[in-house]
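These protein sequence lines map, in sequence, to chains A and B.
Under the numbering used here, think of the first position of the first sequence as 2, with each following residue one higher.
Under the numbering used here, think of the first position of the second sequence as 45, with each following residue one higher.
What follows is one structure encoded as structure tokens, with my remarks underneath.
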Amino acid sequence: MGLFMQTLINGILIGGIFITIAVGFSISYGVMHIVDFAVGEWIMLGAFTAFWLNMYTNVDPLLLIPFIALFFALIGYLFQPVIQKVVNIKHRSAAMMALAFTFGLSTLIRGSALTLWGFNNRNLITVLSEKNVDLFGITVPAIRAGATVFSILVTAAFAYFLYRTKTGITIRAAAENKTVAGLMGIDGHRISRLVYSIYVGLTAMSGVFIGSIFSVFPDMGLRYTAFAFFVVVAGGMGSFSGAIVAGLMLGLISSFVSVYMGGAYVFLILFFILYLILVFFPKGILGKGW
Amino acid sequence: MTKIMEIENLEVVYGVIKALQGISFYIDEGEIVTIIGANGAGKSSTLRAVSGMVRPSSGKIRFKDKDVTNTPSHIIARQGLSHVPEGRGMLTKLTVEENLILATYNRKDHSQVKEDMKNVYDQFPRLSERKRQAAGNLSGGEQQMLAIARALMTGADTLLLDEPSMGLAPLIVQEIFAVIKRINQAGKTILLVEQNAMTALRTANRAYILENGTLLKSGKASDLISDPEVKAAYLGGY
Ligand SMILES: Nc1ncnc2c1ncn2[C@@H]1O[C@H](COP(=O)(O)OP(=O)(O)OP(=O)(O)O)[C@@H](O)[C@H]1O
Ligand SMILES: [Mg+2]
Numbered sequence: 002m003g004l005f006m007q008t009l010i011n012g013i014l015i016g017g018i019f020i021t022i023a024v025g026f027s028i029s030y031g032v033m034h035i036v037d038f039a040v041g042e043w044i045m046l047g048a049f050t051a052f053w054l055n056m057y058t059n060v061d062p063l064l065l066i067p068f069i070a071l072f073f074a075l076i077g078y079l080f081q082p083v084i085q086k087v088v089n090i091k092h093r094s095a096a097m098m099a100l101a102f103t104f105g106l107s108t109l110i111r112g113s114a115l116t117l118w119g120f121n122n123r124n125l126i127t128v129l130s131e132k133n134v135d136l137f138g139i140t141v142p143a144i145r146a147g148a149t150v151f152s153i154l155v156t157a158a159f160a161y162f163l164y165r166t167k168t169g170i171t172i173r174a175a176a177e178n179k180t181v182a183g184l185m186g187i188d189g190h191r192i193s194r195l196v197y198s199i200y201v202g203l204t205a206m207s208g209v210f211i212g213s214i215f216s217v218f219p220d221m222g223l224r225y226t227a228f229a230f231f232v233v234v235a236g237g238m239g240s241f242s243g244a245i246v247a248g249l250m251l252g253l254i255s256s257f258v259s260v261y262m263g264g265a266y267v268f269l270i271l272f273f274i275l276y277l278i279l280v281f282f283p284k285g286i287l288g289k290g291w
Numbered sequence: 045m046t047k048i049m050e051i052e053n054l055e056v057v058y059g060v061i062k063a064l065q066g067i068s069f070y071i072d073e074g075e076i077v078t079i080i081g082a083n084g085a086g087k088s089s090t091l092r093a094v095s096g097m098v099r100p101s102s103g104k105i106r107f108k109d110k111d112v113t114n115t116p117s118h119i120i121a122r123q124g125l126s127h128v129p130e131g132r133g134m135l136t137k138l139t140v141e142e143n144l145i146l147a148t149y150n151r152k153d154h155s156q157v158k159e160d161m162k163n164v165y166d167q168f169p170r171l172s173e174r175k176r177q178a179a180g181n182l183s184g185g186e187q188q189m190l191a192i193a194r195a196l197m198t199g200a201d202t203l204l205l206d207e208p209s210m211g212l213a214p215l216i217v218q219e220i221f222a223v224i225k226r227i228n229q230a231g232k233t234i235l236l237v238e239q240n241a242m243t244a245l246r247t248a249n250r251a252y253i254l255e256n257g258t259l260l261k262s263g264k265a266s267d268l269i270s271d272p273e274v275k276a277a278y279l280g281g282y
């Protein structure tokens, strides 16, 4: 019973962090219709940025988070037009080209990181590391609890932005139909750029949490690329609530499979479940995708 | 009268299909002008070219004394032209109110926006009752009302309406055309594209007949109604 509760709570906590990544990835996909294979690399780069900044400035990685989120949002903002250019190429399978492009980008970033920083695992030490908190009688690492609470707050703020502000309305409009949004005076390219920027910022921020919960290494992003796909496909392409449910599911599945079957089985089980979802709920768990 | 829009030798090509083979027309400020034509005549292509949804392969489009040929649609929209596309262009996942708010995104005249919103809800009470409903759940007639209301909320002075009667019951069609007349009387210039030729000719000041991408005839709507050729081809012989 103790182990079960421990696994359940760990699953929920890590799911809370996945939710932030999932939501950003899903909305960015919803607006741009581009699957960003580099999602895991933004996580890795966020974690490494925190690691090196912490090394040279001694500022706690958790305090660096606002800076890292903004810095990567800026990178996303500057980089998005490059992806857009690939999609706009007059080519029969422009979407395929974009996919190949982000895949290549991901490989390039990961390869460069390996060359620069080697295979070593590095630890990201924060004020919350080595501390524990008591949750419903279960002891959990404070960093996990703190990261989850913070992620959920950020996701809630993002939801508020999307559903309660004028700019949020333009984003949802562009996600549904860019042509019609254009007739309303909305510049679809500007919206895509904004959304990609938010997504890269959120993902790099989550990278800091993931790096401080586990460890920091050039390959760390790989599994999250697979996770992001799970979330988007299972949650329904571009659905906000679907991404939340799928993020949480992902946390629970990976936690339970790791504990009761072994870490090596996580992907096997995950993609088997994904297969079942696609067969029985092709529009995602909540039926909200397209 | 001042010309608010002038189109010269407009040509639209999709791959190998020539949808418009060089048409010219104009609209005076405050007019209702209608373009009528059968399926595939090129009516929607005309509106799409004017509002920047498709790039014309040649020709000139002037709007309010500015050359807007090849201007992207979001820029044209900000110059006071609003296109209600074929099929109404609903953003089905947004609520009725969000659809209307979206239309005001680029407006800076905030007090006027408030007033327009109130006017729109007064004019379309059914939209007011369904403010928080997803636009996708509205009936066809309500969606058409919302599409027109949304065009008004952009603050545009010129509206392009693509077959507003499409798929609607006769009673609702009457209602829609009454709305079109009313907003025209309130000062909006309207370019109306229709297959429902009789109703369109009764509503408009002037009309153009479009056939296979070329303009066949033009003139005062009241004259065209009694034109024998038009009668035979478009008004079912009445
Ligand atoms: N996106 C497109 N790709 C290829 N051909 C098109 C496209 N849109 C329109 N066409 C073709 O261009 C011609 C004119 O089409 P258009 O939609 O302008 O006609 P329309 O007068 O609006 O017809 P309807 O009354 O059926 O709406 C048609 O032959 C049509 O098949
Ligand atoms: Mg048409």
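Here a beta-carbon is modelled for each residue, glycine too, at the ideal position from N, C-alpha and C.
Annotated three-state conformation of S126/B is strand, per DSSP.
Your pair L125/A and A48/A checks out as a contact, with CB atoms roughly 7 Å apart and the cut at 8 Å. Secondary structure of F52/A (DSSP, three-state): helix. Counting of Cβ neighbours within 10 angstroms places V234/A among the buried residues, the total reaching 16 or more. If you draw a straight line from the Cα of R106/B to the Cα of T198/B, it is about 20 Å long. Under DSSP, K261/B takes part in a beta bridge, and its partners are I253/B. For V112/B, the closest C-alpha among the options D206/B, N143/B, G96/B, K87/B is that of G96/B. Rounded to the nearest whole angstrom, the CA to CA distance from T21/A to I153/A is 7 Å.
For N163/B, the secondary structure class from DSSP, reduced to helix, strand or coil, is helix.
Assignment of beta-bridge partners to L203/B by DSSP yields S126/B, I234/B.
The closest heavy atom of ligand 2 lies 7 Å or more from the beta carbon of S95/B. By the Cβ criterion, the stretch 244-257 of chain A is not in contact with the stretch 36-52 of chain A, since fewer than three pairs of Cβ atoms, one from each stretch, lie closer than 8 Å. The set of residues with any CB-heavy atom separation to ligand 1 below 5 Å comprises, in chain order, Y58/B, I61/B, A63/B, N83/B, G84/B, A85/B, G86/B, K87/B, S88/B, S89/B. The straight-line gap separating the alpha-carbon atoms of K162/B and I145/B is approximately 12 Å. Excluding the 5 residues flanking it on each side, G186/A has no same chain C-beta neighbour closer than 7 Å. In this structure, ligand 2 has a non-hydrogen atom nearer than 7 Å to the beta-carbon of E207/B.
Not flagged as an interface residue toward chain B: K86/A, since no C-beta distance is shorter than 8 Å.
Not a single C-beta of chain A is nearer than 8 Å to the C-beta of S266/B. When 7 Å is used as the limit between beta carbons, M33/A is near no residue of chain B, the shortest such separation being about 17 Å.
Looking at the backbone, the Cα of I76/A and that of L203/A are separated by about 12 Å.
In the displayed model, Q65/B falls within a strand according to three-state DSSP. Taking the C-beta atoms as reference points, A114/A is found no nearer than 8 Å to L129/A. Nearest to L277/A by C-alpha distance, out of F231/A, Y57/A, L136/A, is F231/A. Using a CB distance below 7 Å, the part of the stretch 153-182 of chain A facing chain B consists of K167, I170, T171, R173, A174, E177, N178, T180, V181, ordered along the chain. Among the residues of chain A, those whose CB is under 9 Å from the CB of P129/B are T180, V181, L184, following chain order. Annotation: A93/B has no Cβ neighbours in chain A at a cutoff of 9 Å; minimum Cβ distance is about 13 Å. DSSP places M134/B outside any alpha helix (DSSP H), giving it a letter other than H or E. Here DSSP, grouped into helix, strand and coil, assigns A229/A to helix. The three-state reading of DSSP puts V134/A in strand, counting E and B together.
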